[in-house]
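To start, the structure itself, in structure tokens.
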Amino acid sequence: MIRITRRVEFSAAHFYHNPNLSPEENLRVFGKCNNPHGHGHNYTLEVTIAGEPDPTTGMVLDLKELKEILQTEVIDRMDHRHLNYEVPELAGQIPTCENVAAVIWKLLLPRITTGTLDRVRVYESPDLFADCTAGDSNHMGAGA
Amino acid sequence: MKLSLTRRYHFAASHRLHTPLLSEEANQRVYGKCSNLYGHGHNYSVEVTVAGPVDPATGMIANLGQLDPFVETHILEAFDQKYLNEQVPEFAPEKSLVPTTENLCRVIFQRLKTFPSARLERVRVEETSNNSFEIEETIDGAR
Numbered sequence: 001m002i003r004i005t006r007r008v009e010f011s012a013a014h015f016y017h018n019p020n021l022s023p024e025e026n027l028r029v030f031g032k033c034n035n036p037h038g039h040g041h042n043y044t045l046e047v048t049i050a051g052e053p054d055p056t057t058g059m060v061l062d063l064k065e066l067k068e069i070l071q072t073e074v075i076d077r078m079d080h081r082h083l084n085y086e087v088p089e090l091a092g093q094i095p096t097c098e099n100v101a102a103v104i105w106k107l108l109l110p111r112i113t114t115g116t117l118d119r120v121r122v123y124e125s126p127d128l129f130a131d132c133t134a135g136d137s138n139h140m141g142a143g144a
Numbered sequence: 145m146k147l148s149l150t151r152r153y154h155f156a157a158s159h160r161l162h163t164p165l166l167s168e169e170a171n172q173r174v175y176g177k178c179s180n181l182y183g184h185g186h187n188y189s190v191e192v193t194v195a196g197p198v199d200p201a202t203g204m205i206a207n208l209g210q211l212d213p214f215v216e217t218h219i220l221e222a223f224d225q226k227y228l229n230e231q232v233p234e235f236a237p238e239k240s241l242v243p244t245t246e247n248l249c250r251v252i253f254q255r256l257k258t259f260p261s262a263r264l265e266r267v268r269v270e271e272t273s274n275n276s277f278e279i280e281e282t283i284d285g286a287r
């Protein structure tokens, strides 16, 4: 089995706020990420596909095809957008990198028909990232 | 679907790879220049991975407002700008535990596994940009 990984980048704005919590609680839990004006990141997305290389092409999945899927499902939805307001898949969720990774996993899963979606890794910064894998059902993301 | 969150931290420390269990000649043969008498240093990077359910109220596996100070207290304050062989109790001479990055991974895992807000899944330590070491939680608990 071979794993292939494609990396793409997008830039987006977000802030963390739970309307069910008081302003004081929001500030305590989310700190400066609660700034209602929002802030932004250069996100890096790594998508890993696992499978056996096709004996004719030598490819697990044509990277051009994967690039187009990532463009349609992720970049067109999220690049230069405000994740709180402009991405319906995140509606009602705090747009943490855990939840962004889970949303991207769910968007990509039905689109990967050659090979298997193995891992979605979302870097919010070089020092912070979330991984989403198939795993077991005891660790479902919010809204899963 | 399983989610994990990884945070990278950085510290600089010195160490010397040398064990009293081997002769001087054997230490030199095994550890080479890493066994030089006065030690040497690295810029270490540590990846701390926690896993578990995402709290719907926060969207988080673990709040960095809790994880960062925990790692600061248990790792960075203890290791940053220190000589691992003499200033970290786990590597004290009487313990005969050589501060290789394999052993450093284990020590860091042991120190962080009591993090109360999420399950510690993995610790990965980069000794340099070319060397990395990692340890994962095992079925019967942390090693």
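In order, the protein sequences belong to chains B and L. Residues in the first sequence are numbered from 1 upward in steps of one, following the working numbering. Residues in the second sequence are numbered from 145 upward in steps of one, following the working numbering. For every residue, glycine included, the Cβ atom is placed at its ideal position computed from N, Cα and C. Note that the structure is a prediction, hence the values are computed from the model and not measured.
Look at the alpha carbon of residue i and the alpha carbon of residue j, and state the distance between them as a whole number of angstroms.
i: Asp224 of chain L; j: Ile205 of chain L; result: 27 Å
i: Asn138 of chain B; j: Asp199 of chain L; result: Model confidence at Asn138 of chain B stands at a pLDDT of 46, short of 50, so the residue's coordinates are unreliable; what they give is reported in the following sentence. If I take the Cα positions, the gap works out to 13 Å.
i: Asp131 of chain B; j: Phe235 of chain L; result: 33 Å
i: Phe155 of chain L; j: Arg81 of chain B; result: 35 Å
i: Val251 of chain L; j: Gly38 of chain B; result: 39 Å
i: Val8 of chain B; j: Thr133 of chain B; result: 18 Å
i: Gly40 of chain B; j: Thr163 of chain L; result: 49 Å
Measuring only between beta-carbons, confirm whether residue i sits less than 8 Å from chain L.
i: Ala13 of chain B; result: no
i: Val103 of chain B; result: no
i: Asn35 of chain B; result: no
i: Asp127 of chain B; result: yes
i: Val29 of chain B; result: yes
i: Thr113 of chain B; result: no
Does the beta carbon of residue i sit closer than 8 Å to a beta carbon anywhere in chain B?
i: Gly183 of chain L; result: no
i: His218 of chain L; result: no
i: Lys146 of chain L; result: yes
i: Val198 of chain L; result: yes
i: Leu149 of chain L; result: yes
If you follow the beta strand (DSSP E) that residue i is in, where does it begin and where does it stop?
i: Leu21 of chain B; result: Note, Leu21 of chain B: premise wrong, no beta strand (DSSP E); not H, not E.
Quick one: is residue i buried, meaning 16 or more other Cβ sit within 10 Å of its Cβ, or exposed?
i: Lys177 of chain L; result: exposed
i: Met78 of chain B; result: buried
i: Tyr85 of chain B; result: exposed
i: Ala142 of chain B; result: In this prediction, Ala142 of chain B scores a pLDDT of 43, lower than 50, which makes its location untrustworthy; the coordinate-derived value is nonetheless stated afterwards. So Ala142 of chain B ends up on the buried side.
i: Ala101 of chain B; result: buried
i: Ile2 of chain B; result: exposed
i: Glu24 of chain B; result: exposed
Under 8 Å by Cβ, that's how I've got residue i and residue j pegged, so tell me the actual separation to the nearest angstrom.
i: Ser11 of chain B; j: Asn35 of chain B; result: In fact, because the Cβ distance is near 18 Å, the residues do not count as touching under 8 Å.
i: Ile129 of chain B; j: Val120 of chain B; result: First, the amino acid is wrong: residue 129 of chain B is Phe here, not Ile. Wrong, their Cβ atoms sit about 10 Å apart, outside the cutoff.
i: Val215 of chain L; j: Leu248 of chain L; result: With a Cβ gap of about 14 Å, Val215 of chain L and Leu248 of chain L do not count as contacting.
Start and end of the alpha helix (DSSP H) containing residue i?
i: Asp212 of chain L; result: Leu208 to Val215
i: Leu66 of chain B; result: Leu63 to Leu70
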